[in-house]
Amino acid sequence: MIDITFPDGSVRAFEKGVTGYEIAKSISPRLAEEVLAVAVKPATDTTVGKGVTYDLDRPIEEDSSIVLLKWDDDEGKRVFWHSSSHLMAEALEDIFPGVKFGIGPAIENGFYYDVDLGGRQITDADFPKIEKRMLELAREKQDFVRQDVSKADALKHFEQTGDKYKCELINDLADGTITYYTNGHFTDLCRGPHLRNTEVIKAVKLTAIAGAYWRGDEKREQLTRIYGISFPKKSMLDEYLVLLEEAKKRDHRKLGKEMELFTFSSRVGLGLPLWLPRGAVMRYELEKFLRKKQNEYGYLPVVTPHIGSKELYVTSGHYAKYGKDSFQPIHTPQEGEEYMLKPMNCPHHCEIFRSEPRSYKDLPLRLAEFGTVYRYEQSGELHGLTRVRSFTQDDAHMFVTPDQLKGEFEKVIDLILYVFRIFKFDKYTAQVSLRDPDNRSKYIGSDENWEKAENAIIEAANEKGLKTVVEYGEAAFYGPKLDFMVKDAIGRKWQLGTIQVDYNLPERFQLEYTDADGSKKRPIMIHRAPFGSIERFTAVLLEHTSGHLPLWLSPDQIKVLPVSEKYAEYAKKVCGLLNNSDIRASVDDRNETLGKRIREISLLRVPVLVIVGEKEVADGTVSVRRDGADAGTMKVEDFIAWFKAEVAKELA
Ligand SMILES: [Zn+2]
Ligand SMILES: [Zn+2]
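Start counting the sequence shown at 0; every next residue gets the next number (numbering that gives the first Met the number 0).
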């Protein structure tokens, strides 16, 4: 018999070789139907985490802790989607005989398979046929059968079928570690895990086709990447399609264009956003908003250059870690002199700390900068404003004594929660990333300091009433951190806001302060960015609000529209009064119908429209529309007061 420990801590004895499926069935038939895979962690395994995910029919041979994984578990979904990629491959074999396969992993939303169609073309028009075949095969209730195979046999098999990509993968594997999985007539080289059988796959949708180089190497074959998603219920697919439609409407790249906020130019370079005048206004407002709050918290502004000597990044360790995959050093006419575009602001800030002797009385020292950094993301990874090669971090670094760490952490949490509240991100969770307690040697800094920092983060998070998940082994090698995940208006998760403790840079830059007793001490550094970056935050905010930004942030807060040219003079006068009151307003007196002008302005998502005609001119009033709805007619000075009150409400 073996002991199986459940997540609630309870322990039950089972026959050696019991499977996840049998365990689930012994609990309830319903659970057996819902469970997709099982995470197994042998009692002898002292690493952190849930262990290894097993197929439900794979025997468990020793005392273990298990987690039965269902659709609601990320890992459950992964198994489901990865299994669906095998199902798609089987369908593709039927429809495109002789198709060769690369890899077919699960991804964040669904799965893909890279295939070589041997010169044949595939388009969206083929999707329904493939989906139909997948569902037919799924209904056959094909088991996913796992089989250990020797390297020689595996090579022989795939040489016979002509799968050169699989042969290449096998060559990289060690003998004794190779497994096949077969469903129906499709046999794949795969590590697993998979579903028990295909029957649970009730709905599939192929979503996109893209080109993908074999092994990401542009000198190798170009394969066709087919994306799809699948669900255990038809209704889930329907919901997903509605969400997808809504997400498309909210896509920040589309909104950015309609609202004239930013653009890209291939001549300027991939992933280098160009902020248009309206976007630049929005940026300034975001910065102003944060600057004001940071002033209240005692931050000091600094400004540093966009480049730094290579030496700086050798000192910081960034060069050794990222140098090869970054923008390469910039050479100067001076032989041997090299500079780098800055990938991070921290090294510059460390040098500012070092620029004069520091005493414990100077701490915490909080240096803040909207610092633009440059990172060479792969071109395939670039996406709108969420993945770019140049972006501006709302960065700040605190230099603190160990005793100040917790208090400072709480202040940063307060600031981040303030940001979430103002932007109406009401649903968020926080992840505390700590050391792997069983592998302490891979972290820099003393045990004592780590314990102090980890406890400080946990206590600070608890005292602020945050809903947190603690992840062991997820800390950076240089310190523990706290990351915030927000849910947007349509339920998608985004990572926003991060606070990170760092023992490494103060060490590398030999930072020190004089303590009360006259001794030299090393400060601790905290990195934090509530927005993450202006670019990414803008993208998330546009998708969250569908482009309906708060009044205070809208590039054009008000458009003044005369019903006809006759009232243009009055419109300009009203606009002048608004501008004098620091309101961003402009007149649209183009020679177009009012209806047409309103439709065009609605694309810009100007929140407030002021319409003036004969009656308004006579009474000294304006007719106001807020987000498309009538907000009444007011005297101009009352309107200004109303507008200011609305803005104040948003920022309260
Ligand atoms: Zn597989
Ligand atoms: Zn930093």
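Ideal Cβ placement from N, Cα and C applies to all residues, glycine included.
Check, Outcome
"Measure how close the beta-carbons of Lys429 and Thr391 come, nearest whole angstrom, since I'm counting them as under 8 Å.", "Here residue 429 is Ala; the residue named in the question, Lys, does not match the sequence. Actually they are not in contact, since the Cβ atoms of Ala429 and Thr391 sit about 24 Å apart, beyond 8 Å."
"Let me make sure I understand the geometry here. Which of Asn454, Ile225, Gln556 and Asp425 has the alpha-carbon closest to that of Phe126?", "Ile225"
"Helix, strand or coil for Thr18, going by three-state DSSP, please let me know.", "strand"
"How many whole angstroms separate the CB atoms of Leu273 and Ser264, which I take to be in contact at a CB cut-off of 8 Å?", "6 Å"
"Check each candidate in Lys565, Gly464 and Thr400 and name the one with the smallest Cα separation from Leu362.", "Thr400"
"Distance check for Gly379 and Lys480, CA to CA, integer angstroms please.", "29 Å"
"Can you tell which of Glu286, Ala617, Thr197 and Met235 has the C-alpha that lies nearest to the C-alpha of Leu134?", "Thr197"
"Helix, strand or coil: how does DSSP classify Asp361 here?", "helix"
"Once you ignore the five residues that flank Trp551 on each side, which residues in its own chain have a CB closer than 8 Å to its CB?", "Glu284, Phe288, Val646, Glu649 and Leu650"
"Could you round the C-beta distance between Asp587 and Arg596 to whole angstroms and report it? I think they count as a contact, below 8 Å.", "5 Å"
"Let's see if you can read the secondary structure: which residues bound the beta strand (DSSP E) around Val203?", "Ala202 to Tyr212"
"Looking at C-alpha atoms only, which residue of Ala628, Gly612 and Leu577 is the closest neighbour of Asp637?", "Leu577"
"Just list the residues that DSSP pairs Lys520 with in beta bridges.", "Tyr512"
"Just jot down, in chain order, the residues whose CB lies closer than 5 Å to any heavy atom of ligand 2.", "Cys345 and His526"
"Compare the C-alpha of Lys150 against each of Phe143, Asn454 and Thr176 and name the closest.", "Thr176"
"Entirely within the segment 427-511 and at least 3 residues each: give me those beta strand (DSSP E) ranges in chain order.", "467-471, 480-486 and 492-501"
"Can you tell me which of the three DSSP states Leu168 falls into?", "helix"
"Note down, one range per segment and in chain order, each alpha helix (DSSP H) of at least 4 residues found wholly within the segment 63-108.", "73-94"
"Using beta-carbon positions only, say whether Leu67 and Ala23 come within less than 7 Å of one another.", "yes"
"Could you work out which residue in Lys492, Glu613 and Arg434 is closest to Val47 when comparing CA atoms only?", "Arg434"
"Counting only the same chain and skipping the five closest in sequence on each side, list residues whose C-beta sits under 8 Å from that of Asp250.", "Gly383 and Glu542"
"Quick check: the segment 317-336 against the segment 473-487, are there 3 or more CB pairs under 8 Å?", "no"
"In chain order, what residues of the same chain have a beta carbon less than 7 Å from the beta carbon of Lys405, not counting five sequence neighbours either side?", "Ala455, Glu458 and Ala459"
"Using the Cβ count rule (16 or more neighbours within 10 Å means buried), how would you classify His653?", "Lying before the first or after the last residue shown, residue 653 is absent from the chain, which here runs from 0 to 651."
"Would Tyr112 and Ser84 be called neighbours here (beta carbons separated by less than 7 Å)?", "yes"
"Determine the contact status of Pro652 and Glu14, defining contact as a CB-CB distance below 7 Å.", "This structure gives no information on residue 652, because the portion of the chain shown stretches from 0 to 651."
"Counting by C-beta, which residues lie closer than 6 Å to a heavy atom of ligand 1, in chain order?", "His81, His85, Tyr180, Asp187, Cys189, Gly191 and His193"
"Any heavy atom of ligand 4 closer than 6 Å to the beta-carbon of Gln120?", "No copy of ligand 4 appears in this structure; the ligands present are ligand 1 and ligand 2."
"Using the Cβ count rule (16 or more neighbours within 10 Å means buried), how would you classify Ser563?", "exposed"
"Is the segment 352-361 touching the segment 528-547, taking contact as three or more C-beta pairs under 8 Å?", "no"
"Quick one: what does DSSP say Leu254 is sitting in, helix, strand or coil?", "helix"
"Measure how close the beta-carbons of Arg195 and Leu86 come, nearest whole angstrom, since I'm counting them as under 8 Å.", "Arg195 to Leu86, Cβ: 13 Å. No contact."
"Using 8 Å as the cut-off, can you tell me whether the segment 118-125 makes contact with the segment 135-143, which would need three or more C-beta pairs spanning the two stretches below that distance?", "no"
"Select from Ala88, Phe530 and Val34 the residue whose C-alpha is nearest the C-alpha of Thr385.", "Phe530"
"Count the CB pairs spanning the segment 230-237 and the segment 205-219 that are closer than 8 Å, and state whether there are at least three.", "no"
"For a quick check, are the C-beta atoms of Gly546 and Tyr502 less than 7 Å apart?", "no"
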